[in-house]
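In this note's numbering, the protein residues as written are 21 to 1190.
Put into structure tokens, the structure is as follows:
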């Protein structure tokens, strides 16, 4: 566009320069203008008019367009183009200089004194004829603004020529030696031509201005339509774009629609102006191009309106789709956010119990059902998205698809997360159900075993005990399952549900371990009893058979001689009977102690009596047979069986001494029988009267054997008696320890260690202390038993028996140590509960005393009302710090309460909770009171500081504001910018309005301080400052109100003065125009002069009549300026200048003086002619 504009302007300029050079070269302007041809002068002024048109319309466009064109588009031959342009500019400058020189030549030639008046008159006559003919020849049809502009310049050149002629005629007329009639005639012609040209110029100029307004409006509308077209094209291109683009396009279309409506009104206004153009010119003007441009603009406007409506319809439809899409997106986002929020709200954090977990699971299930019901929103989104995807741009479609996929994935992820959370919580609930069921089973097992522990001690059914043991073992395995359940629950809920359950499981494990040990001990005891019973039955059967056999043997008839073999059999029977009797003695009391039925006890008793009787009978028979052998006096036979007896005895004594208690008893009884038999045999041998020869040596040998047997028998008997004594001591000590342990366990089981009643706590501690004291007695028995065991095992040769003894010793010791540990644990537990209860009570009393003391202190503070005392403020801060310590004590006591609640009874727990709650309530009451008092004190102290600071600030501002108001130079740099000055005045008033609320606040703070402060210097100071500030503020407000009223009055006066001054100026302009009119004497008669004098007197009377008005205006101006200076306000003095009025008066006087001089001159000439 710039290049096209430049090329067109350059071509037109070049063409005219060539035309001007050609015509200027043909024009000759001699020194004497009277010799100048009319044709050359007309041609010069024609070129001059064209020059003015080209200078305004073409030359400036050419120069500006080149720079813009080169800035817009770079070209390779830029240097050449600039060179050509410079050549054109040089040519233009040459032509312009030539035209100016020629015009100056004309001016100088006509004004120079070297040209005679006659030549000047001749030139003027020629010029007037040429101007008149030229003006009359100005006819034709103007079809463009350039033609009109050229027409205007032609009229202007005529006007310039006439003005030049009038000036020169005036100079010539002043000369007294020239023809007045000729001058008057030329003046008349010039005046007529001048009037016609002025009227034509004014009409043409008015027409041109109005046509230029229309054309500028058309250009503005063209540019506006181009901009609207660009906007509508952009909107059309963005129809299938993103939602912000669609919304912006729709807004732009609405703006375009509004602008098109305004443009239509403007077009109609331009057409109305075009149709109402004044047609009072000599030429005919037909602005066809303007009419055509307007019609084109109307057509463009209609097309743009249709395009705008079409775009808006499409954009609205498109925006409906986008709004549906985004509403659906927002709905889904809201559903997702609500679901995530509800998930986070329902989900358990840090702590949990079964009921909360169950309730959370139910709510999550309901939430899952709800989100599944809302799944249709995704399908609806797909349905809504389909038309958008089909019609949108590829990039937008991809973005929409990605958004839909993202929201779908987000929805699915939320649903999956919720489903996963529901599954985890449901699994956790099931695990917790299993945990509770197993816990109930474990608790039932513990409570059942605890309640039946005494009964189980009396149970002899080994199978039942083993079933109980299997149940306990299974429950112990369940404890491991419980721990696994807790781990699984922690994994499912995502956090540790607490150590309470683990401590409960540990407590269950400890108690199950105690129960298991008790059952193991009971089973071992019962197993031993059963084994003893089996042994007893076997012993009874074998003993009974043996007794019957011996009875049968005793009933056999004895031979008359040879009783040795029978005696040997009797001795064997005696040993067997003694062993049997020992076994029966060992077994029968144990059966009695086990409370077996009386039949078995009776059988054993009868068998024991029978065996004892049979033993006596056998001994009696053995004695009888020995006497028979002595009576037979067969020494050799006697020594033979004695030798056999001694050999059997020696062999028996060589037998290994058993280590068990029963074997030792049997050996002891058999050794007693052997001792009796040995002595019987010795006595019987000594009863033989004499020995045969050869028998003495045998007797000596047997006698030595006899002594050896007795010696060994005594040695073995001592060992057996010592072992039996140690065995009896061991059994006695073990039995004592077992009985004591059983009694302690029974008493321990009878203690109530759950839900302890605090009132019963001292009794429980006494009982536990008594149980603890009994272990010191058991320690002595344990030491004795250990010493006995050491002695016993050192004498027993069998390692198995020793190991069994050691095992019994260690089991008894272990049982006692565990029991001691359990009792000590209970003792420590009870001591801990006691310490907690004592600590709780002490802390409660301490906290209560502190709170009551604090309450009393606060009551005193409230009563004294120490509002602004720094001492009391510091005291309150100290009390607040003290309250922080009390809060820490309360937090500690909360921990003590939590620990106590697990140990004490529900009644005591409720009482403790109520007590702690009351302390917290009292604490919160005191905390609120301290906070209120402290806040009140701090606020009022702060308000006092603010009051004093704001007092200084407000007083300083009032002083500064008054200085600004009274500053006479504040508008010195911007006197001509009335709007800015008005805005400054408004800002000053707004500043006062803003400060008014601050003053109200200041008074409120001051009044509050006055009420709160006790009478004294501070109150007087506050009251004094309030009075001073309010007085200063009231004074400022009154001053502002008066000043605002004065500004209004000054403005009204200034407007009135401006109107009156304008009226005076109009009158002066009219008077000046009348004074500028040339004096025309129609004839040289006195009536003509009288008429001119009458006109002069009328003008003089008009001037004198308005002089009073001018004086009044001057006085009003002086008064106005006095008010302005006194109030330091501003008015626009541009139109209110008394000096201007004085200048006008001086000018009037000058014109009147000139008028008088002219009249006097013509009067002299008249007299001279006369």
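All residues carry an ideal CB built from backbone N, CA and C; glycine is no exception.
| query | result |
| --- | --- |
| Residue 301 (DSSP reduced to helix, strand or coil) | coil |
| Coarse secondary structure for residue 259, derived from DSSP in three states | coil |
| Own chain residues within Cβ distance below 8 Å of residue 324, not counting five before or after | 245, 248, 249, 252, 276 and 280 |
| Cβ distance (whole Å) where residue 462 is taken to contact residue 499 below 8 Å | 7 Å |
| 8 Å contact criterion, which residue 185 and residue 231 should meet: CB distance rounded | About 30 Å separates the two Cβ atoms, so there is no contact after all. |
| Beta strand (DSSP E) runs wholly inside the segment 817 to 851, at least 3 long, in chain order | none |
| Buried or exposed (CB count within 10 angstroms, at least 16 for buried), residue 528 | buried |
| Cβ-Cβ separation, residue 431 to residue 356 (assumed contact under 8 Å), whole Å | 6 Å |
| Best match in 282, 216, 545 and 260 for proximity to residue 414 [C-alpha to C-alpha] | 260 |
| Cβ contact check for the segment 211 to 226 and the segment 169 to 180: 3 or more pairs under 8 Å | yes |
| Nearest candidate by alpha-carbon position, reference residue 109, set 304, 127, 38 and 781 | 38 |
| Proximal residues to residue 287 (C-beta, below 8 Å), its chain only, five neighbours per side dropped | 241, 314, 317, 318 and 321 |
| Beta-carbon proximity list for residue 69, same chain, < 8 Å, skipping 5 on both sides | 170, 173, 174, 176 and 177 |
| N-terminal and C-terminal residue of the alpha helix (DSSP H) that residue 160 is part of | Where residue 160 is concerned, there is no enclosing alpha helix (DSSP H), given that its DSSP letter is neither H nor E. |
| Close beta carbons around residue 263, own chain, < 7 Å, minus the five adjacent residues each side | 342 and 346 |
| Residue from 291, 31 and 45 whose Cα sits closest to the Cα of residue 74 | 31 |
| Contact the segment 693 to 704 vs the segment 837 to 845: 3+ CB pairs below 8 Å | no |
| Residue from 895, 418 and 336 whose Cα sits closest to the Cα of residue 267 | 336 |
| Beta-carbon proximity of residue 33 to residue 125, cut-off 7 Å | no |
| As assigned by DSSP and simplified to three states, the class of residue 708 | coil |
| Bridge partner(s) assigned by DSSP for residue 776 | 924 |
| Spatial neighbours of residue 202 in its chain, beta-carbon cut-off 7 Å, leaving aside the 5 residues before and after | 141 |
| Whole-number beta carbon distance between residue 857 and residue 920, since they are thought to touch under 8 Å | 7 Å |
| Beta-carbon proximity list for residue 458, same chain, < 7 Å, skipping 5 on both sides | 498, 501 and 502 |
| Own chain, CB closer than 7 Å to residue 465, minus 5 neighbours either side, in chain order | 491, 492 and 495 |
| Status (buried if at least 16 other CB within 10 Å, exposed otherwise) for residue 310 | buried |
| 7 Å Cβ cutoff met for residue 650 and residue 746 | no |
| Residues near residue 441 in its chain [Cβ-Cβ closer than 8 Å; skip 5 each side] | 363, 367 and 384 |
| Rounded Cβ spacing between residue 736 and residue 691 (contact assumed at less than 8 Å) | 6 Å |
| Local Cβ density within 10 Å of residue 26, reported as buried at 16 or more and exposed below that | buried |
| Identity of the residue in 392, 937 and 843 nearest residue 767 by Cα | 843 |
| Beta-carbon proximity list for residue 306, same chain, < 6 Å, skipping 5 on both sides | 161 and 163 |
| Residue 980 to residue 1028 span [Cα, whole Å] | 28 Å |
| Environment of residue 765 [buried if 16+ CB atoms lie within 10 Å] | buried |
| Local Cβ density within 10 Å of residue 40, reported as buried at 16 or more and exposed below that | buried |
| Unbroken stretches of the beta strand (DSSP E), 3 residues or longer, contained in the segment 637 to 664 | none |
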